[in-house]
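Novice: So the sequence shown is numbered by my numbering: it starts at 700 and just counts up by one.
Every residue, glycine too, gets a C-beta built ideally from N, C-alpha and C.
Structure in structure tokens, see below.
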Amino acid sequence: MTDRGPDATPPYRGRFAPSPTGPLHFGSLVAALASCLDARAAGGEWLLRMEDVDRTREVPGAADAILRALDAFGFEWDGPVMYQQHRAPAYRTALERLLAAGHAFPCACTRRELEAHARPGPEGRIYPGTCREGLPSGREARAVRVRVEDAAVRFQDRLLGPQVQDLAAEVGDFVIRRGDGLFAYQLAVVVDDAEQGITHVVRGSDLLGSTPRQIHLQRLLGLPTPRYLHLPVAVDTRGVKLSKQTGAPPVDPKRPLAALCAALRFLGHAPPAEICSGPLDDFWRWAIDHWSVDRLPRRKSIEVSESPAAR
Ligand code: GLU
């Protein structure tokens, strides 16, 4: 981990961390725009991280397509892009520390066993603790899980206010290295946010329920907890989040202003017509000057028509 010292910690360092599972779509443009504007309006830095830790979900060419689209939209990021596929040694170090300290344990349970025996919770099956005190005899380790405590994790979301989750009751000991050997998102994101010195996380509310797990890992690893802001996510008329997986249409980098203005309106801001038809630089200047968290809708989701960028 980089030693920055107290004086070198920037007042604000934000990030956008897309998974390269498809081209940039409206929902991810909203997260990119909000995280970038929040950083720039605070005079802060804004970093990019390609969350390609799960190579099985990666779509070839998607990472480059996302970067090209961000560039065409006029996003400017600080420093080199971090790629999770190169970060395995750092994840391994964190995993080994957790194992050595007794905070993590190997688990033999298969997905099928958990489907059959574990209660469903808000974030998936609640781990029943089967391998917590050691592997059952004759069973082989598959995944590695981190222990959770029987105590509420609380944090203050900058938009949604006080949040609380009882990890033991609602999630259970959770996976930090998967049965297929890949490091889990929860571990990777915590290690990387710390490595990149992220002070503020702005992302979709679909990750609100992951934040207490991330805070738990930060505490076990002695890492700082950034401030969090969870944005409303764009959902379709069925209430399903627009995502690359559900086939949300990509935003058109050839018409950047249409998409950027739609994203800014989605975020509760009202860019004047001339800003949405003039030079890209004018849009960015206006958006940074007028950015205000107070204008963001205090909601977890907002329904949008099929292609909000086309309005
Ligand atoms: N990679 C995640 C996604 O694309 C975002 C993770 C995060 O912002 O913490 O949904």
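Rounding to the nearest angstrom, what Cα-Cα distance links Gly713 and Pro835 in this structure?
Specialist: If I take the Cα positions, the gap works out to 43 Å.
Novice: Give the DSSP-derived three-state secondary structure of Ser976 in the structure shown.
Specialist: Coil.
Novice: Under the three-state reduction of DSSP, which class applies to Cys806: helix, strand or coil?
Specialist: Of the three classes helix, strand and coil, the one that applies to Cys806 here is strand, per DSSP.
Novice: I need the boundaries of the beta strand (DSSP E) containing Arg838, first residue and last residue.
Specialist: Note, Arg838: premise wrong, no beta strand (DSSP E); not H, not E.
Novice: Any heavy atom of the ligand GLU closer than 7 Å to the beta-carbon of Pro717?
Specialist: At least one heavy atom of the ligand GLU is nearer than 7 Å to the Cβ of Pro717, so yes.
Novice: For a quick check, are the C-beta atoms of Leu922 and Val845 less than 8 Å apart?
Specialist: No, they are not a contact pair.
Novice: Would you report the Cα separation of Ala800 and Gly977, rounded to the nearest angstrom?
Specialist: Using only the alpha carbons, I get a separation of about 57 Å.
Novice: Run through DSSP, which three-state label would Ala933 get?
Specialist: Of the three classes helix, strand and coil, the one that applies to Ala933 here is strand, per DSSP.
Novice: Quick one: grab the DSSP three-state call for Phe854.
Specialist: DSSP places Phe854 in strand when its eight states are reduced to three.
Novice: Quick check: does the Cβ of Val888 come within less than 7 Å of any heavy atom belonging to the ligand GTP?
Specialist: Questions concerning the ligand GTP fall outside what the structure shown contains, since the ligands it does hold are the ligand GLU.
Novice: What residue ranges within the segment 714-750 form continuous beta strand (DSSP E) runs of no fewer than 3 residues, ordered along the chain?
Specialist: 744-749, all fully within the segment 714-750.
Novice: Look at the alpha carbon of Arg703 and the alpha carbon of Pro709, and state the distance between them as a whole number of angstroms.
Specialist: The pLDDT assigned to Arg703 is 47, lower than 50, so where the model puts this residue is not dependable, and the model offers no usable value.
Novice: Is the distance from the Cβ of Asp856 to the Cβ of His915 below 8 Å?
Specialist: No.
Novice: Taking Pro952 and Arg767 to be in contact with their CB atoms under 8 Å, please state how far apart those CB atoms are, rounded to whole angstroms.
Specialist: Right, their Cβ atoms sit about 7 Å apart.
Novice: Helix, strand or coil: how does DSSP classify Gln660 here?
Specialist: Absent from the structure is residue 660, since the part of the chain shown begins at 700 and ends at 1010.
Novice: Helix, strand or coil: which one does DSSP assign to Val890?
Specialist: Val890: helix per DSSP, three-state reduction.
Novice: Quick one: is the Cβ of Glu757 within less than 7 Å of any heavy atom of the ligand GLU?
Specialist: False, no ligand heavy atom lies under 7 Å from that Cβ.
Novice: Taking the C-alpha atoms as reference points, what is the distance between Pro788 and Val888?
Specialist: Approximately 14 Å, taken between the alpha carbons.
Novice: Let's see if you can read the secondary structure: which residues bound the alpha helix (DSSP H) around Gln917?
Specialist: First-last of the alpha helix (DSSP H) with Gln917: Thr910 to Leu920.
Novice: Count the other C-beta atoms from every protein chain shown that fall within 10 angstroms of the C-beta of Ala893, then say buried if there are 16 or more, exposed otherwise.
Specialist: By the 10 Å Cβ count, Ala893 comes out buried.
Novice: By Cβ distance, which residues of its chain are closer than 6 Å to Gly871, with the 5 residues on each side in sequence left out?
Specialist: Excluding residues within five positions, the ones whose Cβ falls inside 6 Å are Ile825 and Tyr826.
Novice: Roughly how many angstroms separate the alpha carbons of Arg998 and Arg877, rounded to a whole number?
Specialist: Going by the C-alpha atoms only, they are around 32 Å apart.
Novice: Quick one: Cα of His989 to Cα of Met749, how far?
Specialist: Their Cα atoms are separated by approximately 28 Å.
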